[in-house]
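Counting in my numbering, the sequence shown runs from 23 upward without gaps.
We put the CB at the ideal spot given by N, CA and C, even for glycine.
These numbers were taken from a predicted model, which means no experiment stands behind them.
A short worksheet on the structure shown next.
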Amino acid sequence: MGLSARGRFIFGRILRLHCIGSKDTLPAERHTSPIVCHKYRCSSLKAQWRHVPGRDNPADCASRGISPNELLAHRLWWTGPAWLREEISWPNESCKVSNGELPEKRSATCCNADVVDTESEFLLRFSSLHRLLRVTAWCCRWRRTSTRPPGGRESPLQPDELEDALFRWLRIVQRLHFPAEVAAIAARRTIPSRSSILKLSPFLDENHVLRVGGHLKHAVLSRDERHPMIVPTSSWLTRLLVESRHRQTLHEGTQLTLGLLRHRFWIPRGRTIVKQVLHRCVTCTRWRASTPQPAMSDLPRGRVTAARPFLRTGVDYAGPILIRTSKGREHRAHKAFIAVFVCLSTRAVHLDVVSDYTTEAFLAAFRRFVSRRGHCEEVYSDCGTNFVGADRELRELFRASSSDGRRIAHAATTEGVKWHFNPPSAPHFGGLWEAALKSAKHHLRRVIGESTLTYEEMSTLLAQV
23 MGLSARGRFI FGRILRLHCI GSKDTLPAER HTSPIVCHKY RCSSLKAQWR
73 HVPGRDNPAD CASRGISPNE LLAHRLWWTG PAWLREEISW PNESCKVSNG
123 ELPEKRSATC CNADVVDTES EFLLRFSSLH RLLRVTAWCC RWRRTSTRPP
173 GGRESPLQPD ELEDALFRWL RIVQRLHFPA EVAAIAARRT IPSRSSILKL
223 SPFLDENHVL RVGGHLKHAV LSRDERHPMI VPTSSWLTRL LVESRHRQTL
273 HEGTQLTLGL LRHRFWIPRG RTIVKQVLHR CVTCTRWRAS TPQPAMSDLP
323 RGRVTAARPF LRTGVDYAGP ILIRTSKGRE HRAHKAFIAV FVCLSTRAVH
373 LDVVSDYTTE AFLAAFRRFV SRRGHCEEVY SDCGTNFVGA DRELRELFRA
423 SSSDGRRIAH AATTEGVKWH FNPPSAPHFG GLWEAALKSA KHHLRRVIGE
473 STLTYEEMST LLAQV
């Protein structure tokens with residue numbers, strides 16, 4: 023129909039109205055998103071924006087709250103302000119706002135920059151005190167003799183040059199870690215009360231190195247022992263000193279390393295520092311490492327089952343020992359062994375002499391053992407050649423007993439003996455009889471000594487053990 027209409031927007035906030043109508047944002051309204059203001063401008067390019075006072079704004083009735091009864095009779099809510107009917111009566115108030123009257127509120131940020139002094143990069147390049155002192159001594163010698171003929175530059179370093187290099191580095195690290203203390207002592211002022219070395223009564227010697235004061239001035243000791251040089255706790259030079267003394271003591275422990283250090287130097291919290299350095303020593307760590315031990319497996323059935331003594335037995339050999347054939351001066355001695363039988367249930371021990379290391383000799387000792395202690399159902403032993411042969415011969419004997427009747431019925435039953443061999447190269451499987459061997463040797467060494475006994479004397483002694 024060719025009609026055109028213009029929108030009219032009346033705003034209650036002057037600052038927000040200025041934000042929409044202006045290209046810039048007021049300092050007080052800068053927390054409003056620029057995107058929101060841009061949307062207002064784009065959606066109302068052909069519209070006109072005006073300001074309405076708060077007393078004539080119907081929207082304030084809803085935003086500020088009003089009771090239902092009052093709302094029913096509220097004229098401003100239902101009809102709006104009276105001047106709204108005629109456009110010529112609309113308020114024409116200026117919405118100009120001065121930026122100078124509304125200063126921007128900025129959040130204050132405080133940044134503190136502390137200057138932290140670090141140790142010399144030249145010092146941190148060295149991992150050995152000996153090399154550090156030699157390089158420093160060579161540099162000092164070159165500086166002294168750079169203007170002289172090169173004749174004396176190649177001579178070996180002297181001890182006083184290495185000592186001077188040590189003093190130079192001590193002065194550097196002391197002035198880095200104790201600047202207030204060094205300045206106060208040099209100016210003959212009182213050391214700050216918060217100083218970590220105040221109780222040491224420090225002083226500067228003729229080389230301008232801090233030393234411990236103390237009360238040993240008249241002691242019959244060297245000067246370094248009476249007044250050791252103070253070394254900072256967290257200095258790299260301290261670590262080099264500790265490692266040097268540790269190697270000098272052939273990688274000894276904390277006490278000896280610290281004692282050797284205190285002959286010349288005093289380190290605050292010295293024991294803690296020495297422990298830390300020694301804990302990082304690669305050589306000590308390698309030799310201090312323990313071999314991982316596997317978890318112990320379950321005990322054999324014979325160890326945990328109640329039974330008659332020596333029904334299940336472990337056997338092993340000890341020796342060799344020397345046995346005399348007869349008494350007298352012109353006697354001949356030969357090697358013999360001790361057979362150890364241990365009950366797996368009660369840990370009782372039976373000892374017997376075996377004349378040699380053959381299967382026949384062991385079978386004879388085994389028959390004597392069975393005759394005295396009773397028949398064995400199961401025998402456990404190491405995987406020795408004599409025991410393997412004994413097992414084979416026992417089985418042959420027991421098989422022969424079935425055919426020959428009762429030829430060896432007095433020594434064993436017709437069921438035979440079940441023999442169990444430990445795995446090869448696994449002596450820990452026989453820990454029970456290995457412990458019995460250790461106890462038996464303990465008594466035999468103290469009784470026999472260097473003597474040589476006869477067979478009867480050895481049999482009697484084993485019975486007493």
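Let me know the alpha helix (DSSP H) ranges lying completely inside the segment 452-484, each 4 residues or longer, listed in chain order. 453-470
What are the uninterrupted segments assigned as alpha helix (DSSP H) that are 4 or more residues long and contained completely in the segment 190-238, given in chain order? 201-208
Excluding the five sequence neighbours on either side, which residues of its own chain have a C-beta within less than 8 angstroms of the C-beta of R293, listed in chain order? T276, L280
Integer-rounded CB distance, given that H230 should sit under 8 angstroms from R193: 6 angstroms
With H, G and I counted as helix, E and B as strand and the rest as coil, what does DSSP make of F391? helix
Quick one: give me the first and last residue of the alpha helix (DSSP H) that K349 is part of. Note, K349: premise wrong, no alpha helix (DSSP H); not H, not E.
Complete runs of the alpha helix (DSSP H) confined to the segment 256-290 [at least 4 residues]: 258-270, 276-283
Just confirm the distance between the C-beta atoms of P80 and W99, as a whole number of angstroms; I'd bet it's less than 8 angstroms. 5 angstroms
In the DSSP assignment, the beta strand (DSSP E) including F443 goes from what residue to what residue? 440-443
Considering only heavy atoms of the ligand GTP, does any lie closer than 8 angstroms to the CB of D320? Looking at this structure, you won't find the ligand GTP or any other ligand, since it has none at all.
Out of R269, Y339, S393, S377, point me to the one whose CA is closest to C405's CA. Y339
With a Cβ-Cβ cutoff of 9 angstroms, do P254 and Q298 count as a contact? no
Helix, strand or coil for I360 per DSSP? strand
Check the DSSP bridge columns for I252 and list the partner residues they point to. W288
From S168 to T131, what distance separates their C-alpha atoms? 54 angstroms
Taking the CB atoms as reference points, tell me whether L466 and L483 lie closer together than 9 angstroms. yes
Coarse secondary structure for V296, derived from DSSP in three states: helix
For the segment 319-335 against the segment 363-379, do three or more pairs of beta-carbon atoms, one drawn from each stretch, fall closer than 8 angstroms, so that the two count as touching? The segment 319-335 makes contact with the segment 363-379; the number of CB pairs closer than 8 angstroms reaches 3 or more.
Find out if the Cβ-Cβ distance for the pair R233, L226 is shorter than 9 angstroms. yes
Which value, in whole angstroms, describes the spacing of the CA atoms of W160 and R211? 37 angstroms
So, are the CB atoms of G236 and S223 less than 9 angstroms apart? Result yes, Cβ atoms of G236 and S223 sit closer than 9 angstroms.
Which residues in the same chain have their Cβ closer than 6 angstroms to the Cβ of I213, if we skip the five residues on either side of it in sequence? Sequence-distant Cβ neighbours of I213 in its own chain, meaning closer than 6 angstroms and more than five residues away, are E203, A206, L220.
Got a sec, what are the start and stop residues for the beta strand (DSSP E) H372 sits in? Residues 371-376.
Just list the residues that DSSP pairs Y402 with in beta bridges. G336, H442
Give the secondary structure of P490 by DSSP, where H, G and I count as helix, E and B as strand, and everything else as coil. Nothing about residue 490 can be reported from this structure: the residues present for the chain run from 23 to 487 only.
Who are the Cβ neighbours of F443 in its own chain at under 6 angstroms, not counting the five residues just before and after it? C405
Check whether the Cβ atoms of V376 and F384 lie closer than 9 angstroms to each other. yes
Since I believe W441 is in contact with V401 (beta carbons under 8 angstroms), could you give me their beta-carbon distance rounded to a whole number of angstroms? 5 angstroms
Would you identify the three-state DSSP class for C162, choosing helix, strand or coil? helix
Coarse secondary structure for C83, derived from DSSP in three states: helix
If you measure between the beta carbons of S403 and G452, is that distance less than 9 angstroms? Taking a C-beta distance under 9 angstroms as the contact criterion, S403 and G452 qualify as a contact pair.
Could you tell me the distance, in whole angstroms, from the CA atom of L282 to the CA atom of R267? 7 angstroms
Answer with buried or exposed for I88, where buried requires no fewer than 16 other C-beta atoms within 10 angstroms of its C-beta. exposed
Roughly how many whole angstroms lie between the Cα atoms of R245 and L238? 10 angstroms
When you compare the CB positions of E472 and V439, do they come within less than 9 angstroms of one another, or not? no
If we ignore side chains and look at the alpha-carbon of each, how far apart do S481 and A386 end up? 14 angstroms
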